[in-house]
Amino acid sequence: MAIKVEPISERFGAEVSGVDITKPLDRATQREIVDIQNKWGVTVWRNTGLTDASHVAFSRIFGHVELAPRHSGKPCRMSEPELFDASNLDIEGNIVSNESIRLGAKGNRLWHSDSSFMDVRSAQALLLCHEAPPHGGPTWFADTRSAYDDLPQAMKDRLEGLEATHSYFWSRRRAGYPYTEEEIDAKPQATHPVVHVHAGSGRKALFVGAHTRDILGMDREEGRKLIDELVEWCTQPQYVFAVHYKPGDMTIWDNLCTLHRGGEYDDTQYRRDMRRTTVRDPLAPAAAIDHFTKMFTAAGDTPFSPAEKTRERVLAAS
Numbered sequence: 328m329a330i331k332v333e334p335i336s337e338r339f340g341a342e343v344s345g346v347d348i349t350k351p352l353d354r355a356t357q358r359e360i361v362d363i364q365n366k367w368g369v370t371v372w373r374n375t376g377l378t379d380a381s382h383v384a385f386s387r388i389f390g391h392v393e394l395a396p397r398h399s400g401k402p403c404r405m406s407e408p409e410l411f412d413a414s415n416l417d418i419e420g421n422i423v424s425n426e427s428i429r430l431g432a433k434g435n436r437l438w439h440s441d442s443s444f445m446d447v448r449s450a451q452a453l454l455l456c457h458e459a460p461p462h463g464g465p466t467w468f469a470d471t472r473s474a475y476d477d478l479p480q481a482m483k484d485r486l487e488g489l490e491a492t493h494s495y496f497w498s499r500r501r502a503g504y505p506y507t508e509e510e511i512d513a514k515p516q517a518t519h520p521v522v523h524v525h526a527g528s529g530r531k532a533l534f535v536g537a538h539t540r541d542i543l544g545m546d547r548e549e550g551r552k553l554i555d556e557l558v559e560w561c562t563q564p565q566y567v568f569a570v571h572y573k574p575g576d577m578t579i580w581d582n583l584c585t586l587h588r589g590g591e592y593d594d595t596q597y598r599r600d601m602r603r604t605t606v607r608d609p610l611a612p613a614a615a616i617d618h619f620t621k622m623f624t625a626a627g628d629t630p631f632s633p634a635e636k637t638r639e640r641v642l643a644a645s
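Per the working numbering, numbering of the sequence shown is gapless, rising by one per residue and ending at 645.
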């Protein structure tokens with residue numbers, strides 16, 4: 328059966344079916360899926376039948392699959408080292424009640440690009456639903472390529488050559504975690520172009536979001552105003568859509584040409600078990616295999632440290 332692609336909107340997002348992704352795929356089929364992903368930015372796969380192991384195996388057709396950050400002294404709920412835990416569940420499978428953990432996870436409900444706070448950026452993210460709330464809990468996506476295309480030429484000219492800093496701790500401050508500016512200054516951050524060329528399509532895209540803190544060479548207040556303006560531009564109704572899940576459903580998005588955020592649901596009442604793999608930017612420089620863990624260890628206040636009272640799960644949709 329041929330792969331079937333049903334566009335969600337004219338330029339962005341598609342539902343894909345007609346191929347069994349639980350089994351090894353030949354190179355031609357792999358290439359076709361990668362090409363579909365490069366074109367549409369977000370793809371939705373229903374009732375996949377994927378397990379933890381086959382989820383990771385399928386992810387490898389897109390490139391190098393990252394290891395999720397881990398703390399050697401604590402157990403992990405995930406059966407595969409590449410799986411980021413994007414759930415609201417603790418190690419025993421109960422709904423998290425710790426307010427510090429819940430506060431940290433609120434950052435995932437801001438528009439962001441996964442791991443833009445890393446020197447080595449993330450490309451594809453593959454989020455698989457194992458359990459969904461009866462109502463709510465979608466993921467919202469925004470098209471940063473079409474948003475760039477539609478910018479006035481004067482704004483395109485203004486953005487040419489600009490670079491911005493990105494910080495995980497800045498987005499958590501914006502979500503309500505009590506970091507000070509001085510504390511964030513002392514933690515690792517990354518620098519990336521505000522506009523870049525998306526390698527898979529050759530189209531330009533905006534690269535800003537909740538992790539984006541400052542624009543280099545620009546007054547802080549002015550830079551943050553511009554960042555907020557660009558995020559607001561990207562998340563206008565004509566550029567966004569939401570995906571609602573049932574167990575077995577999966578979304579794949581390209582962090583280099585999209586923004587996303589978690590949708591609202593009552594995370595104190597309903598279980599939401601989501602697991603994500605993350606594929607490294609194919610143009611990224613070499614990095615340690617465990618560079619996520621290394622970055623947070625270097626920060627001295629990791630997402631699984633006693634000081635923050637969280638675990639690696641807080642990163643899952645970051």
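The C-beta atom is built at its ideal place from N, Cα and C for all residues, glycine as well. Since the model is a prediction, treat every value here as computed from it, not as a measurement.
Rounded to the nearest angstrom, how far is the Cβ of Tyr592 from that of Gly464, given a contact under 8 angstroms? Reading the sequence shown from its first residue, position 265 is the one you call residue 592. Reading the sequence shown from its first residue, position 137 is the one you call residue 464. Sure, about 4 angstroms apart at Cβ, within 8 angstroms.
Which residues mark the beginning and the end of the beta strand (DSSP E) in which Gln516 is found? One-based indexing of the sequence shown puts residue 516 at position 189. Run containing Gln516: none; DSSP gives neither H nor E here.
In the DSSP assignment, find the unbroken alpha helix (DSSP H) run with Phe444 in it and report its ends. For this step, residue 444 is matched to residue 117 along the sequence shown. No alpha helix (DSSP H) holds Phe444; DSSP gives it neither H nor E.
Among Arg603, Asp617, Ile542, Glu508, which one has its Cα closest to the Cα of Asp441? Locating residue 441 in the sequence shown gives position 114, counting from the first residue. Nearest C-alpha to Asp441: Arg603.
What's the C-alpha gap between His525 and Thr507? By 1-based counting over the sequence shown, the position of residue 525 is 198. By 1-based counting over the sequence shown, the position of residue 507 is 180. Going from the Cα of His525 to the Cα of Thr507 covers about 34 angstroms.
From this set, Val346, Gly340, Ser336, which residue's C-alpha is nearest Ala329's C-alpha? Within the sequence shown, numbered from 1, the residue matching residue 329 stands at position 2. Of Val346, Gly340, Ser336, the residue nearest in Cα terms is Val346.
Span of the alpha helix (DSSP H) around Thr624: By 1-based counting over the sequence shown, the position of residue 624 is 297. Looking at the DSSP string, the run of the alpha helix (DSSP H) that includes Thr624 is 618 to 626.
Quick check on the burial criterion: 16 or more other C-beta atoms within 10 angstroms. Buried or exposed for Glu652? No answer is possible for residue 652: the residues shown for the chain start at 328 and end at 645.
Looking only at its own chain, which residues have a Cβ that is under 6 angstroms from the Cβ of Ala615, when we skip the five neighbours before and after it? Numbered from its first residue, the sequence shown carries residue 615 at position 288. So the qualifying residues of the chain are Lys621.
Is DSSP giving Arg607 helix, strand or coil here? As a working mapping, residue 607 is identified with position 280 in the sequence shown. Three-state result, Arg607: strand.
Let me check understanding here. Comparing Cα to Cα, which of Phe339, His391, Tyr495, Thr370 lies closest to Pro609? Locating residue 609 in the sequence shown gives position 282, where the first residue counts as 1. Selected option, being the one with the closest Cα: His391.
Give me whichever residues DSSP pairs with Thr471 in a beta bridge. Position 144 of the sequence shown, counted from the start, is the residue given in the question as residue 471. The partner list for Thr471 (beta bridge, DSSP) is empty, contrary to what the question assumes.
Which two residues bound the contiguous beta strand (DSSP E) that contains Ile542? As a position in the sequence shown, residue 542 is number 215, starting the count at 1. From DSSP, the beta strand (DSSP E) with Ile542 extends over 539 to 542.
For Arg338 and Ser528, which I take to be in contact (beta-carbon distance under 8 angstroms), what is that distance rounded to the nearest angstrom? Position 11 of the sequence shown holds residue 338. Position 201 of the sequence shown holds residue 528. Actually they are not in contact, since the Cβ atoms of Arg338 and Ser528 sit about 11 angstroms apart, beyond 8 angstroms.
May I have the straight-line CA-CA distance separating Leu416 from His493, to the nearest angstrom? In the sequence shown, residue 416 corresponds to position 89, counting from 1. In the sequence shown, residue 493 corresponds to position 166, counting from 1. Each residue's alpha carbon lies about 28 angstroms from the other.
Does Cys584 come out as helix, strand or coil in the three-state DSSP assignment? Your numbering for residue 584 matches position 257 in the sequence shown. The answer is coil: DSSP assigns Cys584 none of H, G, I, E or B.
State buried or exposed for Gly340, treating a residue as buried only when at least 16 other CB atoms are found within 10 Å of its CB. Taking the first residue of the sequence shown as position 1, residue 340 is located at position 13. It counts as buried.
Same chain only: Cβ atoms within 7 angstroms of Val423, ignoring 5 sequence neighbours per side: On the sequence shown, position 96 is the one that residue 423 refers to. Around Val423: Asn415, Leu416, Asp417, Arg429.
Status (buried if at least 16 other CB within 10 Å, exposed otherwise) for Gly550: Taking the sequence shown and counting its residues from 1, one reaches residue 550 at position 223. Buried, because 16 or more other Cβ atoms sit within 10 Å of the Cβ of Gly550.
Asn374, buried or exposed, once every other Cβ within 10 Å from all chains shown has been counted against 16: Taking the first residue of the sequence shown as position 1, residue 374 is located at position 47. Per the 10 Å Cβ criterion, exposed.
So, helix, strand or coil for Ile348, using DSSP? On the sequence shown, residue 348 is found 21 positions in, with the first residue counted as 1. Reduced to three states, the DSSP call for Ile348 is coil.
Does the segment 483 to 493 come close enough to the segment 509 to 523 that 3 or more CB-CB pairs lie under 8 angstroms? yes
Is the segment 444 to 453 close to the segment 384 to 398, with three or more CB pairs under 8 angstroms? yes
Let's see if you can read the secondary structure: which residues bound the alpha helix (DSSP H) around Glu359? The sequence position of residue 359 within the sequence shown is 32, counting from 1. Its alpha helix (DSSP H) spans residues 354 to 367.
Based on the DSSP output, what are the partners of Glu333 in its beta bridges? Mapped onto the sequence shown, residue 333 falls at position 6. BP columns for Glu333 point to Glu342.
Assumed close pair Phe468, His571 - CB separation to whole angstroms, cut-off 8 angstroms: Walking along the sequence shown from the start, residue 468 turns up at place 141. Walking along the sequence shown from the start, residue 571 turns up at place 244. The Cβ separation is near 12 angstroms, so there is no contact.
DSSP state of His457, grouped into three classes? Along the sequence shown, one-based indexing puts residue 457 at 130. Three-state DSSP puts His457 in a strand.
Taking the beta carbon of His538 as the centre, do at least 16 other beta carbons fall within 10 Å, making it buried, or is it exposed? Here residue 538 is taken as the residue at index 211 of the sequence shown, counted from 1. His538 should be labelled buried.
From the DSSP secondary-structure annotation, give me the bridge partner or partners of Met601. On the sequence shown, position 274 is the one that residue 601 refers to. Looking at the DSSP assignment, Met601 forms a beta bridge with Cys456.
Alpha-carbon spacing of Gln565 relative to Trp367, whole angstroms: Translated into positions along the sequence shown, residue 565 becomes position 238. Translated into positions along the sequence shown, residue 367 becomes position 40. Taking the straight line joining both Cα atoms gives about 15 angstroms.
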